[in-house]
Amino acid sequence: MTVGLVVAGHSRPLARAAAALASEMTPGRPVPIEVAAGLDEETFGTDAVAISEAITAADDGDGVVVLMDLGSAVLSAETALELLDEPLRERVLLCPAPLVEGLVAAAVTAGAGGTREEVAAEALAGLAGKEAHFGTAGEEPSRTGEGVSAVVRVVNEHGLHARPAARLVGELRRFDALVELRNENTGSGWVPASSLTRVATLGALRGHELAVRASGRQAQEAVDRFVELAGDAFGETQDHVNHSRPEPTLHRGSPTGNYPADGGSLPKPCGQPENVDNPPTPGRSASTLRAAPSSPGIAIGPAVRLSQPALHIPDEPSMGSEAEQHRLTDALTTARHEIGKLSGDIFEAHLMLLEDADLLDEARAAIDKGTTAPEAWRDTTNRVAAEFDALPDPYLRARADDVRAVSDQVLRALLGVPAATVDGEGILMATDLTPAQAAALDPVRIAGVVLRNGSPTSHAAILLRTRGIPAVIGDIPEGALIALDGSTGDVAVDPAPDVLEDFRSRAERHKKLSDEARTKAAQPAMTRNGVTIHVGANIGSVAEARAAADNGADLAGLVRTEFLFLDRDTAPDADEQEAVYLAIADALGGRRITLRTLDAGSDKPLRYLPAPSEANPFLGVRGIRHSLVHRSMFTEQLRAIVRVARRTPVSVMFPMVTTPDEVVEARRMLDEVGDLPPDLRVGMMVEVPAAALRAADFTPYVDFFSIGTNDLTQYTLAAERGNADLLDLTSGLDPAVEQLIEGVCRAAGPQKTVAVCGELAGDGTVVPRLLAAGVRELSVAPALVPVTKQAVRAT
Amino acid sequence: MDATALSAWIREFADLVARNRDELTALDSAIGDGDHGVNMDRGLTAVVAALDAEPPDTPSALFKKVGMTLISKVGGASGPLYGTAFLRMSAAADSVLDGPGFAKVLRSGLDGVVARGKASPGDKTMVDALTPAVEALETAFAGGADVTAAFQAAADAADQGREATVPLVARKGRASYLGERSAGHADPGATSVTLLMRAAASTLGAAG
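For the record, the sequence lines run as chains A and B. Per our numbering: the first sequence = residues 1 to 795. Per our numbering: the second sequence = residues 796 to 1003.
Take a look at the structure:
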């Protein structure tokens, strides 16, 4: 007796290979194995007719056992039974065994002369070997009985790195539940979601599947929140995931270069310096080295180094666990205080490390066993850093640096060792800087920075750009005098007189331009033929308002109120908003502030207003569309704006307007707030081409138009500005966008102001064209106000 | 309704699927393996070719040819499901169908789908559109409606059934692996059923 076998599946090569593997088991006694899989050699699919034919072919009169892969294979095999004639149909068993293991077991049993029932039973038991090996027989692998669970896919560009991991840990800790995670792709063990270090060791890369399980009172809420967070890339803004809706400026804090302040893509990759003796490049001396440009600006000065007092842990006995626990607690508090003074996302992650339950438990347990606090802390953080070092993904591996940076900070506090200092003034030459070191550099003393390691996207590099300290990255040899150009990457070590002269003249040109701009920053900007153009600043915080005032901004042309609404659990009420808007107006010395109403939507989600997922959030419920849906929140904001407007000059404008109806409705809601001061100016942003084309239809309802060139450009050209491959389309003033701006100015006439807020407004070559079109107000990043005014004066 | 009228229905269905192929695939990409549009289009293209090659002369022969072609050419789960539906319809069909007779035949098809897929209403499958369509057809004919009104009611009911699958979590098929993530998208199988019923309304319904 020989029972025939049929493999029904989606893939012909897979089914053939499984059959070949099974046939190896029965060399002496061939078992008929027929394959019915795939629609052809390449096309995945199952075919009930082919399965019925395979069954017919496999049957020698002793019956057939059919093994299937999944889904439609099962349905097609059942359908195939219907196509068979009565006597044969009775002799067929469809067996739900796992395909490969089942087929091997089935072939062995069929080869040994088993009946079809025995063959099917052996196939079903085919998993026993694997289960015994892993000791999982009889239980659901990786699932607790009473818990709640789910699986999500990681969508973040760089996987679950420090920032999103910190967000995840921070959020899930709030629930009364034991939450654990594992990486389904690497088959990692379960780790507690309360531990940042353990979560990071999951090595979860983009596309990996994370399983979550939870038990406890709020298990369901915790799992739901986790799934929600994952869908939202764990709060990582779209900027970080590379599909940005660009903010109206990228030039924040870097007055001359073309560098994103958030560490996005850079024009040139970091690379080894190349000696460019051959061939000589015009304008660059033979002795100039090339490093990766990292933060624009020119700096010349003596090389100075970081003096880092050694962290030597004395070999001394524990003062007793209670005293040592106190030492650690105090040191953690000190470190937390130091880190808390620094601003930047990365420091949030550092703070989270200091609260990492897993790490702290381990250190404290070691102290209880008689270890001193410094030893316990060092050993624990070394262990954690080593875990990161062992991860395959370079991005996550780099998080070991974060652990070491935080570890050193606490150790310094424990041992009373001062932080690293720079011995002198000039160009800092360092292997790398911790984020805290970069954030603490004094720009008055440190003219520039050369980093031997690191990358232009490192936290240190981002912080240097934000702080306006010129920097390059490359393996530059030691020297006494260094000259560097952070815009081009040129570096000269102990430069010859002519080279030094070249850098000096570059620096002078640069300085002359910016000095001239700076000295005249506070003066009004007037074109050569006597038209005064207001140059304002785009701001998103009280600190930026101060920077705008320092840079001579005539007004705040755009206050992005989102900063008040994002990253919190409830919406700010009118009182809180009023206080912040007033603080901004104060910082600007009472100059007019243009408050843009909340520009939220699913690309900038609010935690307390879960947004539906939209296939294309940039074309979704954003800006005024969002406000007209969430009316009570909108009214609350309008109420705050009106209150502020009674005390200081205020303009209000609505973002993402498409039709006049939206403006009419928003104005009606504004009127309902009541008692509008006569000085309150009401305007709209022109970002949607439809609004630009119909500008004349809007003029009865607005006092001014403010053209958001970043969005108007990307919507007009159907080109996303975050896309590095489309820079040719999206940089500069496209003629189509220029026509739209001209049209808005024509429609606005002399009575209504047209402003431009966006990166283009700060482009010296574009300013004359904007003014020619009829634009009378420009608003740019605070640091760009002086040079923009100069551009106006040159027009 | 004879074989010619029913062939026109099937051809219209094939045409609608071809025109909505990308939408079906997009729906399936959201919650399944992304092949529903391609699979159905391939199967129905083969069906139309088979009808062209040898036009069947009875409804039963027509449905059998449609069913056999679909189970062989579609490749995915909709092959055996639609295929079984048409094979059961073939077994139930008389030589010429009136409205109530067609409703009875379609009910057999639905029973076949349920038996094959073991899906219940609410599982986010084609059953969620086909069940209300069959019920609407039966109710309309029982109430004395003409074929135009009856088929329109069936198409509308299928549409509503499909819409109702949007918030559901899939419990059958590849989409069930996605769990909660399958919510928020219409079921592709239910969507192709709405095309089947729309085709019926515009061909069989118009014939009355």
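Yeah, the Cβ is synthetic: ideal placement off N, Cα and C, and Gly gets one too.
Which of helix, strand or coil DSSP assigns to residue i
i        : result
PRO895/B : helix
LEU75/A  : helix
VAL241/A : Only weak support is given to the placement of VAL241/A: the predicted model assigns it a pLDDT of 41, under 50, and the question is left unresolved by the model.
GLY454/A : coil
ASP810/B : helix
GLU672/A : helix
VAL104/A : helix
THR853/B : coil
ILE427/A : strand
LEU819/B : helix
LEU609/A : strand
ALA928/B : helix
ALA292/A : strand
ILE641/A : helix
ILE866/B : helix
PHE563/A : helix
Endpoints, alpha helix (DSSP H) assigned at residue i
i        : result
ARG518/A : 497-519
SER407/A : 399-415
SER627/A : 623-629
ASN834/B : 831-848
PHE226/A : 219-231
LEU359/A : 357-368
LEU712/A : 709-717
ASP884/B : Inspection of the sequence shows that residue 884/B is occupied by Met rather than by Asp. Unbroken alpha helix (DSSP H) run through MET884/B: 873-887.
PHE698/A : 695-698
THR943/B : 942-959
HIS534/A : Unbroken run through HIS534/A is the beta strand (DSSP E), 532-539; no alpha helix (DSSP H).
ALA436/A : 435-440
ALA582/A : It is Leu, not Ala, that sits at residue 582/A in the sequence shown. Per DSSP, LEU582/A belongs to the alpha helix (DSSP H) from 574-587.
ARG883/A : The shown model of chain A, from 1 to 795, leaves out residue 883/A, and the question about it has no answer.
Interface residues of chain A facing residue i [CB-CB closer than 7 Å]
i        : result
SER915/B : Correct list: empty, because the minimum Cβ distance to chain A is about 16 Å.
THR879/B : THR79
Cross-chain neighbours of residue i in chain A, by beta carbon under 9 Å
i        : result
GLU975/B : ALA150, ASP224, VAL227
ARG902/B : Ordered by position in chain A, no residue passes the 9 Å Cβ test against ARG902/B, which lies about 18 Å from the chain.
Interface partners of residue i on chain A, CB under 8 Å
i        : result
GLY984/B : Result: empty, since nearest Cβ-Cβ is about 12 Å, beyond 8 Å.
Partners in chain B for residue i, counting only beta-carbon separations shorter than 9 Å
i       : result
SER11/A : Chain B residues near SER11/A: none, gap ~11 Å exceeds 9 Å.
Listed by chain order, chain B residues near residue i by CB distance under 8 Å
i       : result
VAL49/A : MET863, ILE866, SER867
Listed by chain order, chain B residues near residue i by CB distance under 7 Å
i       : result
LEU75/A : ALA872, PRO875, LEU876, ARG911, GLY912
Integer-rounded CB distance, given that residue j should sit under 8 Å from residue i
i        : j        : result
ARG452/A : ASP475/A : 6 Å
ALA460/A : PRO443/A : Not really, about 14 Å apart at Cβ, beyond 8 Å.
VAL7/A   : VAL35/A  : 5 Å
VAL499/A : LEU484/A : That pair is no contact at about 12 Å.
VAL64/A  : ALA106/A : Incorrect: roughly 11 Å between the Cβ atoms, too far for contact.
LEU876/B : GLY912/B : 5 Å
Endpoints, the beta strand (DSSP E) within which residue i is located
i        : result
ARG560/A : 556-560
ALA150/A : 148-153
VAL811/A : Residue 811/A is absent from the structure shown; chain A starts at 1 and stops at 795.
ASN382/A : It is not in any beta strand (DSSP E) - ASN382/A instead sits in the alpha helix (DSSP H) that spans 373-389.
HIS208/A : From DSSP, HIS208/A is part of no beta strand (DSSP E); its letter is neither H nor E.
LEU770/A : Careful: LEU770/A lies outside any beta strand (DSSP E), inside the alpha helix (DSSP H) at 767-773.
SER651/A : 650-654
ARG681/A : 681-686
ASP34/A  : In the sequence under discussion, the amino acid at residue 34/A is Glu, which differs from the Asp named in the question. 33-37 is the span of the beta strand (DSSP E), which, as asked, contains GLU34/A.
The ligand HEM heavy atom lying under 7 Å from the CB of residue i
i        : result
VAL785/A : This structure simply doesn't include the ligand HEM, nor any ligand for that matter.
Check: Using a beta-carbon distance cut-off of less than 9 Å, what residues from the stretch 36-47 of chain A approach chain B?
Finding: GLY38, LEU39, THR43, PHE44, GLY45, THR46, ASP47
Note to self: By the 9 Å beta-carbon criterion, what residues does the stretch 834-851 of chain B contribute toward chain E?
What the structure shows: Of the protein chains in the structure, A and B, none is chain E.
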